[in-house]
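*Asks:*
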Amino acid sequence: MTTQKTLQQLLDEHIAAGHLTQEQADDISGAPRWSFSIQEALYYLAGVIIAVGVVRLFIAVLENASEISISSFLYVVAAAFAGVAWWAEKGAEIRRRFGEVCELASELSAAFATGVLVTYLWTESEWTGIAIGSVFFVFGSWRARHTDFAGSLTIIPSALVVAGMVGALLDLREPNDALPMMAGAMVLILVSFTGVHFSLAPRVAGSAFLIGSTLGWVGMHEGGWAAAIAIIGAAAMFSYGARMLLLDMLVSAGIIITASVAIVSFNTFDNQVLQGVVVIIVGVAMLAVTLPYARRRKTL
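Per the working numbering, the very first residue in the sequence shown carries number -1; after that it's consecutive.
Below you can see the structure in the form of structure tokens.
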């Protein structure tokens, strides 16, 4: 199994091969990951101000309006933001990123408009949320390969909405009511490895929701077989995160493993000292397994 190389390791290899000078390598390593100008910051500020104005207008004009009127207004807003996004997409980098913010606003408006309209014409049901969320998830997955961040940010709420609606549709009771959200979180993590841009966003969101849902599920089962499944899955996640140097996966997997071991210990032993000893033993066992592997890698 190969391990992902760090930026500094790659630069050192290129310096040793004569492809880069030390000065060029220093410039690359010191370059910021993101940059923006005052003009771009003003673009975003203007977008926020416009959004606040649209929300206030929406509240004032449609305070006593019908569902059809509300839906129509939101579709108009969505079309307006989509037009700005289309215009901005053909410009310079600053304008394109502003366009992606407008694209997100357009998608949000369209989603709300569709939800209001479908609920009014038919009925409010979990299937409505599943259908709308699925459409925006597919659209976001496609856009995530053509945008810097808009597509990836669209994926996150879409997947979570679908997961939540599936859970409501299945009407799961404790202790298994967290399973749909666990599945949604894992989908987000998997999607982040499909070549989408700004993959950090869905991966971090998926990891965060996986922590909460998994620990809730393990806790409701008071450890047992649920903890064993969680620990095995988190161990695989930890191994992959360590190999690919993905800190977010390492942290989330480590939290799940540690908390699951603690839950099992607390529900198995009444003695607090024994509980602590068991947790320590598990940690030492992990070190005993990991250290020989680390030493072996250094000798390769």
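Every residue gets a Cβ at the ideal spot worked out from N, C-alpha and C, and that includes glycine. Just so it is clear, the structure is predicted and the values come from calculations on it, not from any experiment.
In this structure, does DSSP put Asp175 in helix, strand or coil?
*Replies:* Looking up residue 175 in the sequence shown gives position 177. Of the three classes helix, strand and coil, the one that applies to Asp175 here is coil, per DSSP.
*Asks:* In its own chain, which residues sit with a C-beta less than 7 Å from the C-beta of Glu87, not counting the 5 before and 5 after it?
*Replies:* As a position in the sequence shown, residue 87 is number 89, starting the count at 1. If we look at Glu87 and ignore the five residues flanking it on each side, its Cβ neighbours are Arg94 and Gly97.
*Asks:* Just to confirm my understanding: we take Gly149, look at its own chain, exclude 5 residues before and 5 after, and list those with CB closer than 6 Å. What are they?
*Replies:* Walking along the sequence shown from the start, residue 149 turns up at place 151. The answer, listed in chain order, is Gly138, Arg141 and Ala142.
*Asks:* Residues in the same chain with beta-carbon distance under 8 Å from Ile13, minus the five sequence neighbours each way, listed in chain order, please.
*Replies:* Residue 13 sits at position 15 when you count from the first residue of the sequence shown. Only Thr19, Gln20 and Ala23 meet the Cβ criterion.
*Asks:* Determine, using beta carbons only, whether Ala234 and Ser258 come nearer to each other than 9 Å.
*Replies:* The count along the sequence shown starts at 1 and reaches residue 234 at position 236. The count along the sequence shown starts at 1 and reaches residue 258 at position 260. No, these two residues do not count as a Cβ contact at 9 Å.
*Asks:* For the alpha helix (DSSP H) that Phe134 lies in, which residues bound it at each end?
*Replies:* In the sequence shown, counting from the first residue as 1, residue 134 sits at position 136. Where Phe134 is concerned, the enclosing alpha helix (DSSP H) stretches over Glu124 to Arg141.
*Asks:* Quick one, are the C-beta atoms of Ala80 and Ser104 less than 9 Å apart?
*Replies:* Here residue 80 refers to the residue found at position 82 of the sequence shown. Here residue 104 refers to the residue found at position 106 of the sequence shown. For Ala80 and Ser104, yes; Cβs fall inside 9 Å.
*Asks:* Taking only runs of the alpha helix (DSSP H) that begin and end inside the stretch 221 to 287, which ones reach a length of at least 4 residues, in chain order?
*Replies:* List check, alpha helix (DSSP H) in window: 222 to 242 and 245 to 266.
*Asks:* In whole angstroms, what separates the C-alpha of Gln6 from that of Ala15?
*Replies:* Here residue 6 refers to the residue found at position 8 when the sequence shown is read from its first residue. Here residue 15 refers to the residue found at position 17 when the sequence shown is read from its first residue. Each residue's alpha carbon lies about 14 Å from the other.
*Asks:* Identify which residue in Met218, Trp120, Leu9 and Cys100 has its Cα closest to the Cα of Val46.
*Replies:* If you number the sequence shown from 1, residue 46 lands on position 48. For the residues Met218, Trp120, Leu9 and Cys100, the minimum Cα distance to Val46 belongs to Cys100.
*Asks:* Could you pull the start and end residues of the alpha helix (DSSP H) that Phe207 belongs to?
*Replies:* Sequence index remark: in the sequence shown, residue 207 carries index 209 (1-based). Looking at the DSSP string, the run of the alpha helix (DSSP H) that includes Phe207 is Leu198 to Met218.
*Asks:* If we count the other Cβ atoms within 10 Å of its Cβ and call it buried at 16 or more, is Gly165 buried or exposed?
*Replies:* By one-based count along the sequence shown, residue 165 stands at place 167. By the neighbour-count rule (16 or more Cβ atoms within 10 Å), Gly165 is buried.
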